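Enquirer: Taken in sequence, the protein lines are chains Z and V.
Residues in the first sequence are numbered consecutively from 644, following our numbering.
Residues in the second sequence are numbered consecutively from 19, following our numbering.
Right, I'll just put the structure down here and ask away after.
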Amino acid sequence: MTPSALSRSANPPMAAFRLLSATTWRSCIRGLVGAAAWLTAAWVTAFWPDRPDTDWAYTGTLSAIFAACAVAVACISLAGIGSGTLRRLRRSAPWLLALALFFLAWEAATAKYGLLPLPFFPPPQAILEVMIDDWARLSDSIFASLLLLAGGVALGGSAGFLVGVAIGWSRAVGYWIHPVLRFIGPLPATAWLPLAFFIFPSSHSASTFLIALATGFPVTVLTWSGIASVNSAYYDIARTLGARPSFLVLKVAIPAAMPHVFVGLFMGLGNSFAVLVVAEMLGVKSGLGWYLQWAQGWAAYANMYAALFIMAAVCSGLVTLLFRLRDRLLSWQRGLLRW
Amino acid sequence: MVAAMPPNAATGFSETQPHRGAVLDVSSVSHAFELHGRPLSVLDRINFHVEPGEFVALLGPSGCGKSTLLRLVAGLEPPSAGQLSMDGRHIEGPDPSRVVVFQDPTLYPWRTVWRNVALGLEARNLLRHRREAVDDALRLVGLASFANAYPHQLSGGMAQRAALARALVNDPMLLILDEPFGQLDSLTRIAMQAELVSLWQRSSLTALLVTHDVEEALLLAGRVIVLSDRPARIRAEVVNSQPYPRHRGDPRLVELRREVFAHLGLDDSW
Numbered sequence: 644m645t646p647s648a649l650s651r652s653a654n655p656p657m658a659a660f661r662l663l664s665a666t667t668w669r670s671c672i673r674g675l676v677g678a679a680a681w682l683t684a685a686w687v688t689a690f691w692p693d694r695p696d697t698d699w700a701y702t703g704t705l706s707a708i709f710a711a712c713a714v715a716v717a718c719i720s721l722a723g724i725g726s727g728t729l730r731r732l733r734r735s736a737p738w739l740l741a742l743a744l745f746f747l748a749w750e751a752a753t754a755k756y757g758l759l760p761l762p763f764f765p766p767p768q769a770i771l772e773v774m775i776d777d778w779a780r781l782s783d784s785i786f787a788s789l790l791l792l793a794g795g796v797a798l799g800g801s802a803g804f805l806v807g808v809a810i811g812w813s814r815a816v817g818y819w820i821h822p823v824l825r826f827i828g829p830l831p832a833t834a835w836l837p838l839a840f841f842i843f844p845s846s847h848s849a850s851t852f853l854i855a856l857a858t859g860f861p862v863t864v865l866t867w868s869g870i871a872s873v874n875s876a877y878y879d880i881a882r883t884l885g886a887r888p889s890f891l892v893l894k895v896a897i898p899a900a901m902p903h904v905f906v907g908l909f910m911g912l913g914n915s916f917a918v919l920v921v922a923e924m925l926g927v928k929s930g931l932g933w934y935l936q937w938a939q940g941w942a943a944y945a946n947m948y949a950a951l952f953i954m955a956a957v958c959s960g961l962v963t964l965l966f967r968l969r970d971r972l973l974s975w976q977r978g979l980l981r982w
Numbered sequence: 019m020v021a022a023m024p025p026n027a028a029t030g031f032s033e034t035q036p037h038r039g040a041v042l043d044v045s046s047v048s049h050a051f052e053l054h055g056r057p058l059s060v061l062d063r064i065n066f067h068v069e070p071g072e073f074v075a076l077l078g079p080s081g082c083g084k085s086t087l088l089r090l091v092a093g094l095e096p097p098s099a100g101q102l103s104m105d106g107r108h109i110e111g112p113d114p115s116r117v118v119v120f121q122d123p124t125l126y127p128w129r130t131v132w133r134n135v136a137l138g139l140e141a142r143n144l145l146r147h148r149r150e151a152v153d154d155a156l157r158l159v160g161l162a163s164f165a166n167a168y169p170h171q172l173s174g175g176m177a178q179r180a181a182l183a184r185a186l187v188n189d190p191m192l193l194i195l196d197e198p199f200g201q202l203d204s205l206t207r208i209a210m211q212a213e214l215v216s217l218w219q220r221s222s223l224t225a226l227l228v229t230h231d232v233e234e235a236l237l238l239a240g241r242v243i244v245l246s247d248r249p250a251r252i253r254a255e256v257v258n259s260q261p262y263p264r265h266r267g268d269p270r271l272v273e274l275r276r277e278v279f280a281h282l283g284l285d286d287s288w
């Protein structure tokens with residue numbers, strides 16, 4: 644018997660085990676490399692001397708966080724086959740490694756070697772310091788921004804939806820509103836800002852109005868186009884089955900237009916972020932936009948980076964939330980289209 | 019019409035039920051569309067009468083206006099001239115007693131099959147008391163196990179079957195079929211034609227089928243009304259009294275087919 648025949652005759656469970664262990668090994672190695680990178684970042688942060696003329700608080704905390712990341716990455720990759728969430732996390736192993744290298748480079752280029760000029764490029768521990776020490780003010784700002792945004796988006800979204808349905812459905816409404824929409828719609832909502840702050844009793848109500856305006860325009864246009872593009876055969880079917888006009892609007896036109904409405908909401912939400920930040924920078928005395936402006940006044944660059952980071956997290960979180968909502972409401976679209 | 023039905027009538031396909039098919043009268047109906055500012059005549063003085071429970075096919079070349087005629091019968095549009103009436107009553111608008119199965123199944127993609135079939139009952143606020151009617155209609159067309167599927171998960175034949183169930187659940191007296199099998203592959207089409215015949219035989223409803231397929235018309239209908247090119251006029255009426263189930267190779271059918279082709283002016287190519 645030749646050696647190759649011998650190895651071929653190895654019993655199948657053993658072969659399956661070897662196959663399994665091969666992929667597991669690969670994932671383990673990838674995870675361990677990531678963990679090693681995080682560990683290196685932790686070690687560099689903690690034990691390499693900072694530039695002599697600087698004194699950063701929270702260097703130890705940052706190092707501990709990096710070490711915790713290393714442990715987490717190692718656990719994820721060594722935890723065996725695991726469930727869906729774990730597998731998805733494991734698929735982001737390259738990203739986890741890249742992040743570790745990014746932090747390592749950042750830490751080295753700022754705190755350790757001072758390659759980037761201060762105060763414009765603070766090290767990561769300076770931003771951590773802001774997030775911890777100034778958390779009260781930051782959380783207040785997040786809350787204020789979310790409150791303002793929620794009011795404006797809710798108002799603008801619902802008004803835009805109703806107007807869009809009305810224009811799409813009624814020729815008379817379309818005749819009067821369409822020209823107004825075409826003329827005023829393309830105007831950036833921020834152009835109204837100086838006027839709005841005079842006309843409205845408070846900067847909060849003025850900003851709510853502007854955010855509503857910015858959200859409302861795309862929602863109106865997309866809702867309208869959604870209603871207008873409903874397959875006319877849908878109406879024929881419903882009419883032959885005895886549907887009244889209210890049924891045609893509520894149960895045919897609106898559900899058929901919902902995919903468009905969500906595109907409008909997505910665009911409106913993007914607009915609303917821009918208006919929110921500008922309004923907070925120019926008039927409202929709270930919120931993340933105001934925090935950015937305030938930090939700039941003090942030349943507190945670390946605070947600005949912290950606020951920007953939080954802003955990005957909040958905005959992308961809201962967009963993700965909207966997509967989740969759409970996927971839930973429009974689950975019938977699965978397999979039809981994607982955007 | 020709905021109120022007159024027994025409270026528990028499901029889809030009304032029991033043999034014991036009295037004759038419920040409608041009488042349809044189309045008298046000197048003409049219709050024209052506006053095209054580039056000029057009237058385009060599509061129907062020219064169409065006259066015919068359909069007895070209750072009869073299966074009549076309207077046969078004509080494509081684009082001759084037969085689908086327009088169906089839209090007028092359904093009440094989706096008023097005719098330019100002439101009169102249509104069902105059971106002696108003037109047709110003024112759509113009514114669930116006359117339901118249409120279009121060439122395209124046009125199921126609502128956001129509704130499950132069950133909720134698509136329930137559409138008519140829901141539109142008339144009858145769904146709460148007649149949920150079993152939906153189940154019955156789905157069972158009738160063999161889609162009971164697909165009640166919770168979405169339309170994009172169905173094949174073409176299944177979608178058209180669901181469209182048929184959506185029509186039948188309303189207890190129609192007149193079933194209007196606008197080339198209902200036109201988009202199906204030939205094997206599915208043959209199967210669905212047989213299903214339609216047995217369904218119509220078990221019920222008592224009147225059926226009006228529009229088609230450009232001579233074989234389909236002769237296979238399904240008791241009477242074939244042959245229409246001319248646009249503007250459509252009635253060229254001939256061919257009565258087919260062959261018993262069901264009919265077979266494509268039946269010599270009598272072959273003979274009738276030759277006759278119909280002659281009426282269409284295509285006897286040379288046959």
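Even glycine gets a Cβ: it sits at the ideal position worked out from N, Cα and C.
Nothing here was measured: the structure is a model prediction, and the numbers come from that model.
#1: Classify Asp-970 of chain Z as buried or exposed, calling it buried when 16 or more other Cβ atoms lie within 10 Å of its own Cβ.
#2: Could you tell me which uninterrupted alpha helix (DSSP H) segments, each at least 4 residues in length, are contained entirely in the segment 214-238 of chain V, listed from first to last along the chain?
#3: Nearest to Val-892 of chain Z by CA position, among V:Ala-141, V:Pro-96, V:Ser-103, is which residue?
#4: Do you know whose CA, among V:Ala-235, V:Phe-199, V:Gly-174, V:Asn-134, lies nearest Leu-186 of chain V's CA?
#5: Going along the segment 132-148 of chain V in order, which residues come within less than 7 Å of chain Z, judged by CB to CB distance?
#6: Rounded C-beta distance between Tyr-944 of chain Z and Pro-766 of chain Z? I'm assuming under 8 Å.
#7: By the 10 Å Cβ neighbour count, where 16 or more other Cβ atoms means buried, how is Arg-825 of chain Z classified, buried or exposed?
#8: Using the C-alpha atoms, what's the distance from Gly-81 of chain V back to His-281 of chain V?
#9: Does the pairing of the segment 193-211 of chain V with the segment 151-169 of chain V give three or more beta-carbon distances under 8 Å?
#10: Is there a Cβ of chain Z sitting closer than 8 Å to that of Val-117 of chain V, yes or no?
#11: For the segment 832-845 of chain Z against the segment 918-931 of chain Z, do three or more pairs of beta-carbon atoms, one drawn from each stretch, fall closer than 8 Å, so that the two count as touching?
#12: What's the gap between the Cα of Arg-264 of chain V and the Cα of Leu-237 of chain V?
#13: According to DSSP, is Gln-101 of chain V part of a helix, a strand, or is it coil?
#14: Along the chain, which unbroken stretches of the beta strand (DSSP E) at least 3 residues long are found entirely within the segment 827-906 of chain Z?
#15: Note down, in chain order, every chain Z residue with its Cβ under 8 Å from the Cβ of Asn-258 of chain V.
#16: Should Pro-261 of chain V go down as buried or exposed, given a rule of 16 or more other Cβ atoms within 10 Å for buried?
#17: Given a limit of 9 Å on CB to CB distance, which residues of the segment 200-230 of chain V reach chain Z?
#18: Under a three-way DSSP split, which group does Ile-208 of chain V fall into?
#19: Hey, how far is the Cα of Gly-100 of chain V from the Cα of Leu-227 of chain V?
#20: Can you tell me which of Z:Thr-728, Z:Arg-731, Z:Gly-677 puts its alpha carbon nearest to the alpha carbon of Cys-712 of chain Z?
#21: Put Val-244 of chain V into one of helix, strand or coil per three-state DSSP.
#22: Fully enclosed by the segment 925-957 of chain Z, which alpha helix (DSSP H) runs are 4 residues long or longer?
#23: So if I threshold CB-CB distances at 8 Å, which residues from the segment 882-893 of chain Z count as touching chain V?
#24: Which one or two residues does DSSP pair with Leu-58 of chain V in a beta bridge?
#25: Along the chain, where does the alpha helix (DSSP H) that runs through Leu-271 of chain V open and close?
#26: Kindly indicate the opening and closing residues of the beta strand (DSSP E) around Ile-775 of chain Z.
#27: Could you work out which residues of chain Z lie near Ala-92 of chain V, taking near to mean beta carbons separated by less than 9 Å?
#28: Compare the C-beta of Asp-122 of chain V against all C-beta atoms of chain Z and say whether one is closer than 8 Å.
#29: Tell me which residues share the same chain as Ala-965 of chain Z and place their Cβ nearer than 8 Å to its Cβ, disregarding the 5 neighbours each side in the sequence.
#30: Going by DSSP in three states, Phe-804 of chain Z sits in which element: helix, strand or coil?
#31: Let me check one thing: in DSSP terms, what residues is Glu-750 of chain Z bridge-paired to?
#32: Report the partner residues of Arg-137 of chain V according to the DSSP bridge assignment.
#33: Among V:Ala-136, V:Gly-83, V:Arg-107, V:Ala-235, whose alpha-carbon lies nearest the alpha-carbon of Asp-62 of chain V?
#34: Can you tell me the Cα-Cα spacing of Ala-871 of chain Z and Met-901 of chain Z, whole angstroms?
#35: Taking the beta carbon of Leu-980 of chain Z as the centre, do at least 16 other beta carbons fall within 10 Å, making it buried, or is it exposed?
#36: For the pair the segment 880-895 of chain Z and the segment 120-140 of chain V, tell me if three or more CB-CB distances fall below 8 Å.
Expert: On the basis of the data shown:
#1: When all chains shown are included, Asp-970 of chain Z counts as exposed.
#2: 232-238
#3: V:Ala-141
#4: The option with the nearest alpha carbon to Leu-186 of chain V is V:Asn-134.
#5: So the close ones are Leu-137, Gly-138, Ala-141, Arg-142.
#6: So it is not a contact: roughly 11 Å between Cβ atoms.
#7: exposed
#8: Going from the Cα of His-281 of chain V to the Cα of Gly-81 of chain V covers about 17 Å.
#9: Touching, no.
#10: Yes, contact with chain Z.
#11: yes
#12: So the alpha carbons of these two residues sit roughly 6 Å apart.
#13: strand
#14: If we require 3 residues or more, the segment 827-906 of chain Z turns out to have no beta strand (DSSP E) run fully inside it.
#15: Correct list: empty, because the minimum Cβ distance to chain Z is about 28 Å.
#16: Residue environment for Pro-261 of chain V: exposed (fewer than 16 other C-beta atoms within 10 angstroms of its C-beta).
#17: none
#18: helix
#19: 21 Å
#20: Z:Gly-677
#21: In the three-state reduction of the DSSP assignment, Val-244 of chain V falls in the strand class, which pools E and B.
#22: Correct list: 931-940.
#23: Arg-882, Thr-883, Leu-884, Gly-885, Ala-886, Arg-887, Phe-890
#24: V:Phe-51
#25: 269-281
#26: Note, Ile-775 of chain Z: premise wrong, no beta strand (DSSP E); alpha helix (DSSP H) at 767-776.
#27: Residues of chain Z with a Cβ closer than 9 Å to the Cβ of Ala-92 of chain V are, in chain order, Asp-879, Arg-882, Thr-883.
#28: yes
#29: Correcting the residue identity first, residue 965 of chain Z is Leu in this sequence and not Ala. The answer, listed in chain order, is Phe-905, Leu-908, Phe-909, Leu-912.
#30: helix
#31: BP columns for Glu-750 of chain Z are empty, so no partner.
#32: It should be noted that the sequence gives Leu, not Arg, for residue 137 of chain V. The partner list for Leu-137 of chain V (beta bridge, DSSP) is empty, contrary to what the question assumes.
#33: V:Gly-83
#34: 12 Å
#35: Here the model assigns Leu-980 of chain Z a pLDDT of 49, short of 50, so the residue's position is not dependable and the matter cannot be decided.
#36: yes
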